[in-house]
Amino acid sequence: MKRGLDVLDTGPLATVQDMGRPGHAALGVGVSGAADPVSLRLANRAVGNPGGAAAVEVTFGGLRVRCRGGVFAAVTGAPAPLLVDGRPEAPYTVLHLPDGAELRMGAPPAGLRSYLAVRGGIAVPPVLGSRATDTLAGLGPAPLKPGDLLPVGPPPREAPLLDVLP
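Numbering (the UniProt record's numbering), first residue to last: 1 to 166.
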């Protein structure tokens with residue numbers, strides 16, 4: 001079974017983001033990428049990915065996904081309430097999502113965007129060197145919708161060395 005996340009609901013907006021497409025301004029292509037790059041890097045660091053690996057950017061909560069194949073995940077950014085199979089979980093922690101587990105993100109009490117990173121990253125095809133959704137230019141994957149399957153890449157070889165998420 002291929003590892004991935006089945007999108008069940010997206011809330012107002014959920015997109016795939018990484019650090020964007022720097023260096024293409026001469027072609028008329030903006031950088032785009034994560035609105036909160038610090039939170040993106042932090043989520044990736046927690047699960048052992050390179051800092052710029054693709055993750056899901058969730059605007060004002062509402063994301064609901066079901067895990068295929070089991071993954072390690074972290075949610076950073078706006079502190080959205082999290083439920084895994086109906087059990088409350090804390091953001092800014094590493095979560096093990098076994099095969100079939102459902103992760104639900106509520107609306108954060110403060111802030112706007114949260115980031116869901118999974119070990120191995122979201123493995124959608126890159127466009128101009130980035131996996132990021134650029135809604136203005138129409139580059140990269142479309143905004144997520146129920147029924148989408150987000151493939152998860154192979155996990156990095158090294159285990160994450162992490163003491164505490166700030």
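Heads up, the beta-carbon is just placed ideally off N, CA and C, and yes, glycines get one too.
In the three-state reduction of the DSSP assignment, VAL7 falls in the strand class. Take the alpha-carbon of GLY61 and the one of PRO12: they are about 7 Å apart. Using a Cβ-Cβ distance cut-off of 8 Å, the region 123-142 and the region 94-103 are not in contact, since fewer than three pairs of beta carbons, one from each stretch, lie closer than that value. Contact between the region 28-47 and the region 109-117 is present, with at least three C-beta pairs closer than 8 Å.
When the beta-carbon positions are compared, ARG131 and ALA35 stay at least 7 Å from each other. Per DSSP, reduced to three states, the secondary structure at SER114 is strand. For PRO88, the enclosing beta strand (DSSP E) begins and ends at 87-89.
No Cβ-Cβ contact shorter than 7 Å links GLY52 with ARG3. Secondary structure note for ARG104: its beta strand (DSSP E) is the uninterrupted segment 102-105. Shown here, PRO37 sits in a helix according to DSSP, grouped into three states.
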